[in-house]
Structures are given as structure tokens and as C-alpha cells.
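Numbering (the numbering used here) for the sequence shown: 49 to 438. Following: one structure in C-alpha cells, then a few remarks.
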Amino acid sequence: MPVKTSYDAVIIGARCAGAATAMLMARAGMRVLAIDRGGYGTDTVSTHALMRAGVVQLHRWGVLPRLLEEGTPPLRTTTFHYGDEAVSVAIRPANGVEALYAPRRTVLDRILVDAARCAGATVRYGCSLAGLTRGAGGRVRGVTMLDAAGDIVSFDTDLVVGADGVFSSVARLAGAPATHEGRHATAVIYGHFPAIDLDGSHWWYRRGLSAGAMPTNHGRHCVFAAMPPARLRNGAQRVDPAETFQDVLHAMDPALAAQVAASVPDEPVRVFAGRRGYLRQAFGPGWALVGDAGYFKDPLTAHGITDALRDAELLAAAAVTGTQAGFASYAATRDALSLPLFQVTDAIAALDWDLERLRTLHQALHQAMKREVEHLTAATTRHFQEEVVS
49 MPVKTSYDAV IIGARCAGAA TAMLMARAGM RVLAIDRGGY GTDTVSTHAL
99 MRAGVVQLHR WGVLPRLLEE GTPPLRTTTF HYGDEAVSVA IRPANGVEAL
149 YAPRRTVLDR ILVDAARCAG ATVRYGCSLA GLTRGAGGRV RGVTMLDAAG
199 DIVSFDTDLV VGADGVFSSV ARLAGAPATH EGRHATAVIY GHFPAIDLDG
249 SHWWYRRGLS AGAMPTNHGR HCVFAAMPPA RLRNGAQRVD PAETFQDVLH
299 AMDPALAAQV AASVPDEPVR VFAGRRGYLR QAFGPGWALV GDAGYFKDPL
349 TAHGITDALR DAELLAAAAV TGTQAGFASY AATRDALSLP LFQVTDAIAA
399 LDWDLERLRT LHQALHQAMK REVEHLTAAT TRHFQEEVVS
């Protein structure tokens, strides 16, 4: 017979969205279990970059010092390369933030899991969701999971949170529909390279293509090349990702391509083949979605981690109230902050703009991110603040 116990919330997925949600709920006094089918401190496909709103939250939560202890380099300038023109923007101190960061997920996710455990949350790895259990009226009342030992275990809970990514089992089992869908997608090839001589983060744009480079942990730069998904294929045959990567970098900036070609990476480049964005219904009776499970947009604007941290705080605040009104507020706020970002990102992901049009889109993106920071800095965080995690 399955072993059965209960929690205030069970979170499926313990990456940045799930771990942050678990941490914040536990700090507010909730009994929380987070499970993940992966392993502690493992890597995952990621955009790396934290925008200002994300850094503001890490600062308020007391976990930013841990990120710095891990040697995550500060980004104090961002340079946009529009064709042959370079526009550098200084990162100005504000809201307790003096720089931006682009941590490896092996660092960020681990720090957030440590903070969740420190707050009292239980985090278990090697576990996968098997099903949702329902009570009267179809309300989700618990989960069954396959644990690391291969045993079926059941948990009763007031709330099941899907933080399990774009292929979310919680979203599928709960029947969460997409409320908005994107029209465009880019394919991205990226890797981590030592000995790249660039200050701050850099973003290159030419019609139909984009690239970027940002310093991350362990003396590496994350370098990416973005393109239409069709460029990853030549008819029915897949092309060599490393060759395509170099071709795009050379088209964007021969000097960047030369530096990357001379560098010796620790591992092969990784490929994201492209996926159109969506917003899914944010919550239902006994369940809610956070991170990519509930909201995903093209990675070209590198805002996914920031979205995940933002929505973790919004959802935790709703869970603390435990009311329909609280969850409705979570959904409404998530959508109000997300839709401007979603729409402008979808337009940028089309890769059909000229450079003047792209500048206009970037201005709209900046305004959407500014509104996000203003909302988060105005919101109360008294339930979630804690001293720096040791």
C-alpha cells in the first residue's frame, strides 16, 4: 500500500521556479515538499541572464550574497550591436542592485534549493509525478509519485504547484489550457567558453539573426547564436550545430567568432530547437502553475529566469492567503506583467525586423521591464525576507 502523508503544498519541479516558490512558502510558515526527477546541482538549458527585477528579488530574499560567493561575475555594462553600430548602456545602481548577473544554473538552482531547505522545506530528488488525486467536485487534493527507490508514494495537500517546465505534467493532468500563444520562435545554439575578452554582456543583431555573450561562473562566457529554426536543418538532414554556430557568429561579428574558435569549451554546444511561447491558465481548484509550466516565451530576450522568480513570489503570496481571491490576484498580476513582455518578445523572435524597428521593440521591452521592477519593489515582502543564507 502507498505510504501517505500531508503537506500544505507539494511542488513538482525544484529548479529556479520551484525552489524559489518552496523557499518563500516555507518562510511564510507553510509545510512544503518539492520534488524533482533530476539531481541536486545538475545543469539545464537556460538563458542564464538575470534582469534587474530578478536581481532585486535575490537581494531582498537574502540569497544574492551566496551568488557572489560562488564567483558569479557582475555585469556593469550591456552593449547592443545594431549591425555595425555598438551602443553601450551602464547598469546604474538602484533598488539595492549594483550590477546584473548571468549565473550558471548549476549555481543558481542549488543556492535556491539550499535556501528552501534552510527555511524548512523538504526537497527530494529522483522523484517523478505519477498522478493527481481529486476530491469532491474534482478539486485536486494530492499527488502520487514514483520515488527514487521505485516506490509509489502518496501525499495529501491543499495545493499542487506545477513548476515542471514546458512539458508540465501538472498542467496536462490538471487540464490547464493555453490562454495566449506566440506566433514565432527562434532556435538557439550556445556553449560555455573560457578566455573570451569581453566586458559586460553583449547582444548582436542583424536581420534574421542574433547572438550574445555574457560572463558566467568559472571564468566562462556563455555565447549563443539565434536563428530561424529552419536553419538548423538542410532539407531533411540536420546540419552540424557547431558549424552552424560558428557561421552565425561570423556573420554577426568576425572578431567574436575568432575568439570562440580559439577557445576550448568544456563540453559540446547545446541546441534549443525552438518553441512558440504561451501563457497557460495560472491556477484551478487545488493547483497552480509557476515558471515555464505556466508561462514561456522565446529565449531571445533572456527574461525567463526573472519571470520565474517574479511569479514564485506572486504565487507564494497567494498561497499564504489560501483564498480564491488571492489566486485570482496571482493570475491577474502575472498576466498584466507578462503580456507586454510576451508580445514584444514574440515580435523580436520573428527575426523579420530592420534595425530601426528592432530599436523600437527594445524600447518597448525596456518599458515593460521597468514596470515589472516598479511593481515588485512596491509589493510587500515581509513574509519572505530573511537574513543571508549561510
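Where is the CB? At the ideal position from N, CA and C, for every residue including glycine.
Review point. According to DSSP, what are the bridge partners of F215?
Key: Bridge partners of F215: none, in fact.
Practice item. Out of T69, I59, G87 and G248, point me to the one whose CA is closest to A196's CA. Key: G87
Point to revise | Simplified DSSP state of Y378, which is helix, strand or coil | key: helix
Exercise for review: Flag this pair as yes or no: are the beta carbons of L357 and S216 separated by less than 8 Å?
Suggested key: Their beta carbons are not under 8 Å apart, which means L357 does not touch S216 by this criterion.
Review point. Taking the beta strand (DSSP E) that G210 falls in, what are its first and last residues?
Key: I200 to G210
Exercise for review: For P225, collect the residues of the same chain with a Cβ closer than 6 Å to its Cβ; drop the 5 residues on either side in sequence, then sort them by chain order.
Suggested key: Q329
Point to revise | Between the CA atoms of Y238 and A138 - distance to the nearest angstrom | key: 25 Å
Practice item. Rounded to whole angstroms, what's the CA-CA distance from V80 to M73? Just pull it up for me. Key: Taken atom to atom, the span from the alpha-carbon of V80 to that of M73 is near 7 Å.
Point to revise | Beta-carbon gap between R182 and V191 smaller than 8 Å | key: Between R182 and V191, the C-beta spacing is not below 8 Å.
Review point. In its own chain, which residues sit with a C-beta less than 7 Å from the C-beta of G55, not counting the 5 before and 5 after it?
Key: According to the sequence displayed, residue 55 carries Tyr and not Gly. Answer for Y55: R79, V80, L81, F203 and T205, listed in chain order.
Check your understanding: Would a C-beta distance cut-off of 8 Å place R254 and M193 closer than the cut-off?
Key -> no
Review point. With DSSP run on the structure shown, which of helix, strand or coil describes D84?
Key: strand
Check your understanding: Do L123 and A150 have their CB atoms nearer than 8 Å?
Key -> Taking a C-beta distance under 8 Å as the contact criterion, L123 and A150 qualify as a contact pair.
Point to revise | Own chain partners of T381 with C-beta closer than 7 Å, once the 5 adjacent residues on each side are dropped | key: Taken in chain order, the residues that qualify are L362.
Practice item. Check whether the region 309-322 touches the region 227-246, taking contact to mean three or more Cβ pairs, one atom from each stretch, closer than 8 Å. Key: yes
Check your understanding: Does DSSP put I396 in a helix, a strand or coil?
Key -> helix
Review point. According to DSSP, what are the bridge partners of E133?
Key: Y130
Practice item. Using three-state DSSP, classify R419 as helix, strand or coil. Key: If DSSP states are grouped into helix, strand and coil, R419 belongs with the helices.
Review point. Between L207 and A367, is the Cβ-Cβ spacing less than 8 Å?
Key: yes
Review point. Who pairs with A138 in a beta bridge, going by DSSP?
Key: T125
Point to revise | Strand pairing of L300, partner residues [DSSP] | key: Going by the sequence as given, residue 300 is Met instead of Leu. The partner list for M300 (beta bridge, DSSP) is empty, contrary to what the question assumes.
Review point. Closest to P333 by CA distance: which of G374, I83 and V296 is it?
Key: G374
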